[in-house]
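Visitor: Residue numbers 1 to 285, in full-length UniProt numbering, belong to the letters of the sequence shown in order. Take this structure first; my questions come after.
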Amino acid sequence: MSDNQNLLAEQRRALILDEVRRRGGARVNELTRKLKVSDMTVRRDLDALARLGVVEKVHGGAVPVTEASTHEPGFEAKSGMELSAKEDIARTAAQLATPGSAIALSGGTTTYALAQQLVEVAGLTVVTNSMRIADVFHSARRAADAAAEHAGNRERPGGAATVVLTGGVRTPSDALVGPVADAAIRSLHFDVLFLGVHGVSAEAGLSTPNLAEAETNRHFIRSARRVVVVADHTKWGKVGLSSFASLAEVDVLVTDAALSRAAREEMADELRELVVAGERADPAP
Numbered sequence: 001m002s003d004n005q006n007l008l009a010e011q012r013r014a015l016i017l018d019e020v021r022r023r024g025g026a027r028v029n030e031l032t033r034k035l036k037v038s039d040m041t042v043r044r045d046l047d048a049l050a051r052l053g054v055v056e057k058v059h060g061g062a063v064p065v066t067e068a069s070t071h072e073p074g075f076e077a078k079s080g081m082e083l084s085a086k087e088d089i090a091r092t093a094a095q096l097a098t099p100g101s102a103i104a105l106s107g108g109t110t111t112y113a114l115a116q117q118l119v120e121v122a123g124l125t126v127v128t129n130s131m132r133i134a135d136v137f138h139s140a141r142r143a144a145d146a147a148a149e150h151a152g153n154r155e156r157p158g159g160a161a162t163v164v165l166t167g168g169v170r171t172p173s174d175a176l177v178g179p180v181a182d183a184a185i186r187s188l189h190f191d192v193l194f195l196g197v198h199g200v201s202a203e204a205g206l207s208t209p210n211l212a213e214a215e216t217n218r219h220f221i222r223s224a225r226r227v228v229v230v231a232d233h234t235k236w237g238k239v240g241l242s243s244f245a246s247l248a249e250v251d252v253l254v255t256d257a258a259l260s261r262a263a264r265e266e267m268a269d270e271l272r273e274l275v276v277a278g279e280r281a282d283p284a285p
C-alpha cells in the first residue's frame with residue numbers, strides 16, 4: 001500500500017511543480033481544485049518540494065525557485081525527484097545496450113537508475129565516473145557470487161559486467177571529474193555512452209553548472225561511437241554555466257512522456273532521434 005501511496009504522491013508533486021513553473025506560481029486553493037485533494041495534502045506536497053529546493057513557499061501558495069547557472073544540486077536532492085520518469089527512461093534506454101559491448105555511464109541520478117537495469121545485460125564492460133554506479137554493478141556481482149556458492153557452484157557466474165571506475169575529483173552530484181578522469185577516458189573507446197545532463201535546450205545544447213564536469217563530458221562524447229542522452233522532461237529549457245555539446249552531437253535522447261509537445265517539436269529540428277519512454281514510435285512510412 002505504501003508503494004502505491006508514494007507513487008501517487010510523486011506523480012502529484014510532479015504535476016504541482018509543472019503547474020508552479022508554467023504559471024510562475026500557484027495558490028493552494030487552485031491546486032486543491034485542480035488535483036481534487038485536500039488542502040492539507042497540497043501543503044504537505046509543497047513542503048516536500050520546498051525541501052528539495054525547487055519551489056519557495058509563499059503566503060497561500062508557492063513560486064518556482066530560479067536557479068543560478070552555477071547551482072549544482074547534490075545527488076541526494078536530485079535522487080528524490082521524478083522517480084517514475086527516471087525508471088521509465090532507464091527501462092527504455094537499457095534496450096539500447098548490446099550484450100558484450102563496451103559502454104560508458106556518466107554520473108547522475110538517471111544514469112544510476114539505468115545502471116540498475118543494465119546489470120541484467122550480459123558481458124558488459126562498463127566505464128563510469130560515478131562511484132555509486134560502480135557500486136550497483138559490484139553489488140550485483142557479489143549477489144550473483146553468493147547465489148552461485150549457495151547452489152554449490154564454485155565457479156564465478158559468467159556474464160557479469162567488468163567495471164572500470166575513473167579517478168577524479170568528486171562533484172556535488174557525485175561524479176568524478178577533472179584531469180585524472182579526463183586522461184582515463186581519453187585512452188578508451190566505447191560502443192555507447194549513456195549520458196545524464198543538468199540541462200538541455202535548443203540554443204545551449206547540453207550543459208552543466210560545473211566547468212570540470214563539462215570538460216569530462218566532452219571527453220566521454222569524443223570517445224563514444226554512439227551518444228545516448230537520458231534526461232527527464234524537467235531538464236528541457238534548463239541551462240547550466242557551461243555547454244559541452246550541441247543537440248546535433250546526440251544520436252538518441254531518451255525522455256519521458258511528460259515532455260511537452262512544443263519541446264518535442266523544437267527538439268525534432270535538432271535531434272537525430274527522440275525516444276519517449278512508454279510511447280510507441282511512429283511506424284516507418
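Glycine included, C-beta positions come from ideal geometry on N, C-alpha and C.
(1) Leaving out the 5 sequence neighbours to the left and right, which residues in its chain are closer than 6 Å to T125 when beta-carbon positions are compared?
(2) Are the CB atoms of G107 and A184 within a distance shorter than 8 Å?
(3) Does the stretch 134 to 141 touch the stretch 190 to 202, meaning 3 or more C-beta pairs lie closer than 8 Å?
(4) Given that a residue counts as buried once 16 or more other Cβ atoms are within 10 Å of its Cβ, and exposed if not, what is V20?
(5) In the DSSP assignment, the alpha helix (DSSP H) including S130 goes from what residue to what residue?
(6) Between which residues of its own chain and V28 is the CB-CB distance below 7 Å, once the five residues before and five after are set aside?
(7) Going by Cα to Cα distance, which pick from A212, L211, L206 is closest to G237?
(8) Distance, Cα to Cα, residue 286 vs S260?
(9) Would you mind sorting D47 into buried or exposed? The rule is 16 or more other CB atoms within 10 Å of its CB.
(10) Work out the CA separation of F190 and G123 for me, nearest whole Å.
(11) Under 8 Å, do A181 and N129 count as touching if we go by C-beta distance?
(12) What separation, rounded to the nearest whole angstrom, lies between the Cα atoms of V228 and D251?
(13) When DSSP builds the beta bridges, which residues end up paired with G61?
(14) What residue range is occupied by the uninterrupted beta strand (DSSP E) comprising V254?
(15) Rounded C-beta distance between A97 and V192? I'm assuming under 8 Å.
(16) Per the DSSP calculation, S242 is bridged to which residue(s)?
(17) Near V65, which residues of its chain fall below 8 Å by C-beta distance, leaving aside the five closest residues on each side in sequence?
(18) Could you pull out every residue in the same chain whose Cβ sits closer than 6 Å to the Cβ of residue 360, ignoring the five residues on either side in sequence?
(19) Beta-carbon within less than 8 Å of G278's beta-carbon, same chain only, minus the 5 sequence neighbours each way: which residues are those?
(20) Measure the alpha-carbon distance for S243 versus A214 and round it to whole angstroms.
(21) Could you tell me which residues DSSP puts in a beta bridge with I103?
Guide: Walking through what the data contain:
(1) A102, T162
(2) no
(3) no
(4) buried
(5) S130 -> no alpha helix (DSSP H), and no H or E assigned at all.
(6) D39, V42, R43, G60, G61
(7) L206
(8) It is not possible to answer for residue 286, since the shown part of the chain is limited to 1 through 285.
(9) exposed
(10) Going by the C-alpha atoms only, they are around 14 Å apart.
(11) yes
(12) Their Cα atoms are separated by approximately 6 Å.
(13) R27, V58
(14) Here the beta strand (DSSP E) through V254 covers 252 to 255.
(15) Contact between A97 and V192 holds, with the beta-carbon distance rounding to 6 Å and staying under 8 Å.
(16) T208
(17) G53, V54, V55, E56
(18) The structure shown does not extend to residue 360, since the chain is modelled only from 1 to 285, so the question has no answer here.
(19) D88, T92, D256, A257
(20) 7 Å
(21) V126, V192
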